[in-house]
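Structure first, commentary second.
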Amino acid sequence: MTDTRALLGEIRSLLGSSVDLTGISSNGADDIYEVFIFSLAAAFAHDRGADVKLVDHMGRPTNELKFRRSPGQLFARDHSYTHALIRFGFTPPLELHIGIRVQGGSGVLHEADVLMLPQEEADISRQAGVAPRAAKCNLVIECKHYVNSSLDLGLARNFQGLYADLHVKHSYFVANRDSISVARYFQAQKREYEQRVSPGSREASYLQAKIRGAFRDYLAKHDPSIAI
Amino acid sequence: MPTEQIYANTKKNPGTPVVATRAMTPTERVTQLIDAALVMLVELPEAEDQALRNLAAFTGRDDAVTISFVSPVATDRPSAFHLKDGRVDASTRDRLRGLLDQLRAEVHG
């Protein structure tokens, strides 16, 4: 049998020497998780042959990436926020954003943690100063990062409400933890979800397979000859 | 209503979740703490490193990316948060994951 005290002692010595969690609050953890999911979507497109660029609000390539801490308008220019510009072959480009307000069928604005939409719709938003229309969006991902509790059923109900108004076909609920109640609720409501998504996990690959569906449908419309 | 009855009712109406509350056992509480340590010390730094690595591949530049989160509006939260490479290096993460797994096994042993 392993000596529990020895295990704890070893963990303590590791924590003392080489761990730096400076500045990470629960909000910081949420931010990290959102950008991780965003990077999975962008990396998938890149792996499948898309040209992926990280650009600022003026469309200029940047390596100083800036994202929103809380949801905001796509057209806002208070900071030069970054988004990914994704293009397969000669198809019209797509934009991938973090923390964007999007207009549902009711006209009400909702928050999308990760949102993908055609650049054409994003340009309309920027030029007219209006939130993008959900009906034009390709992918919505709701990201939930929890440290010391399981997922609350209320989160699943909220996502169901979000889907009912946005009606984006590829809408996914993604979390680092799991919950039987949440899984049963989504299964009954026929909603797509992926739990226990963390770096290197099988679930991260499953999520990328779901994201593939959004790209596949877009390519089927614009250039079905491109296989991903 | 007895638990069996609640369960039976659920089966008649698929999709109705049953939420029961009770005090956690010491084993469950310790397991939860171990899981929380795993998330904070291993998974989150790993997610941060992977995001930085994934996104650096798209900049087309040799220098590394910096990632910051800023508030669109004034809030009581800190206005900016910066992602950091190597908060917990890969070998330490692997070691911690192994130790926490062993600890979990001990608790359930």
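Protein chains in written order, with our numbering: chain A, 17 to 244; chain B, 5 to 113. Positions of the beta carbon are idealized from the N, C-alpha and C atoms, including for glycine.
Q.
In the DSSP output, which residue or residues are listed as bridge partners for A/M132?
A. Its beta-bridge partners are A/L112 and A/L155.
Q: Tell me whether the beta-carbon of A/D194 lies closer than 8 Å to the beta-carbon of A/L223.
A: no
**Q.** Integer-rounded CB distance, given that A/V198 should sit under 8 Å from A/I157
**A.** In fact, because the Cβ distance is near 16 Å, the residues do not count as touching under 8 Å.
**Q.** Backbone secondary structure at B/V69 - three-state DSSP
**A.** coil
Q) What is the DSSP secondary structure of A/S187, reduced to helix, strand or coil? A) strand
**Q.** Best match in A/K160, A/G123 and A/T107 for proximity to A/A172 [C-alpha to C-alpha]
**A.** Among A/K160, A/G123 and A/T107, the Cα nearest to that of A/A172 belongs to A/K160.
Q) Is the beta carbon of A/P87 sitting closer than 8 Å to the one on A/R117? A) Yes, Cβ-Cβ distance for A/P87 and A/R117 is below 8 Å.
(Q) What would DSSP say about A/H126, mapped onto helix, strand or coil? (A) strand
Q: Within 10 angstroms of the Cβ of A/M132, are there 16 or more other Cβ atoms? Answer buried if so, exposed if not.
A: buried
Q: Indicate whether A/I227 and A/F104 have their beta-carbon atoms separated by less than 8 Å.
A: No, these two residues do not count as a Cβ contact at 8 Å.
Q. Where does the unbroken beta strand (DSSP E) through A/R84 begin, and where does it stop?
A. E80 to R84
Q: Please report how far the alpha carbon of B/V43 lies from the alpha carbon of B/P30, in whole angstroms.
A: 20 Å
Q: Go ahead and pull the three-state DSSP assignment for A/G88.
A: strand
Q.
In the DSSP assignment, the alpha helix (DSSP H) including A/I242 goes from what residue to what residue?
A. Careful: A/I242 lies outside any alpha helix (DSSP H) and carries neither H nor E.
Q: Enumerate in chain order the residues of its own chain whose CB-to-CB distance from A/F248 is below 7 Å, with the five nearest sequence positions on each side excluded.
A: Any answer about residue 248 of chain A is impossible in this case: the structure gives chain A only from 17 up to 244.
Q. From A/E136 to B/L107, what does the alpha carbon distance come to, in whole angstroms?
A. 53 Å
(Q) On the criterion of 16 or more Cβ atoms from any shown chain inside 10 Å, does B/Q54 qualify as buried, or is it exposed? (A) buried
Q) Using the beta-carbon count (16 or more within 10 Å), is B/E32 buried or exposed? A) Exposed, by the Cβ-count rule.
**Q.** Identity of the residues DSSP links to B/F85 by a beta bridge
**A.** B/F73
**Q.** the region 174-191 of chain A: positions lying closer than 9 Å to chain B by Cβ
**A.** Going along the region 174-191 of chain A in chain order, one finds no residue with a Cβ nearer than 9 Å to chain B.
Q: Starting from A/H99, trace the beta strand (DSSP E) both ways and give me its first and last residue.
A: H99 to R103
Q. Quick one: Cα of A/K206 to Cα of A/A180, how far?
A. 12 Å
Q) Between A/H62 and the rest of its own chain, which residues show a CB-CB distance below 7 Å, the 5 nearest in sequence each way excluded? A) V68
Q. Around the C-beta of B/D39, are 16 or more other C-beta atoms found within 10 angstroms, so that it is buried, or is it exposed?
A. Buried, because 16 or more other Cβ atoms sit within 10 Å of the Cβ of B/D39.
Q) Under the DSSP definition of a beta bridge, which residues are partnered with A/I77? A) Reading the sequence as shown, one finds Pro at residue 77 of chain A and not Ile. For A/P77, which the question treats as bridged, DSSP gives the partners A/V71.
Q. Along chain B, in chain order, which residues have C-beta atoms closer than 9 Å to that of A/F231?
A. Here the premise fails: no neighbours, minimum Cβ distance about 16 Å.
Q: Can you give me the Cβ contacts of A/L235 inside the same chain, cut-off strictly under 7 Å, excluding the 5 residues immediately before and after it?
A: F104, T107, I242 and I244
Q. Does B/V34 come within less than 8 Å of chain A when only Cβ atoms are used?
A. no
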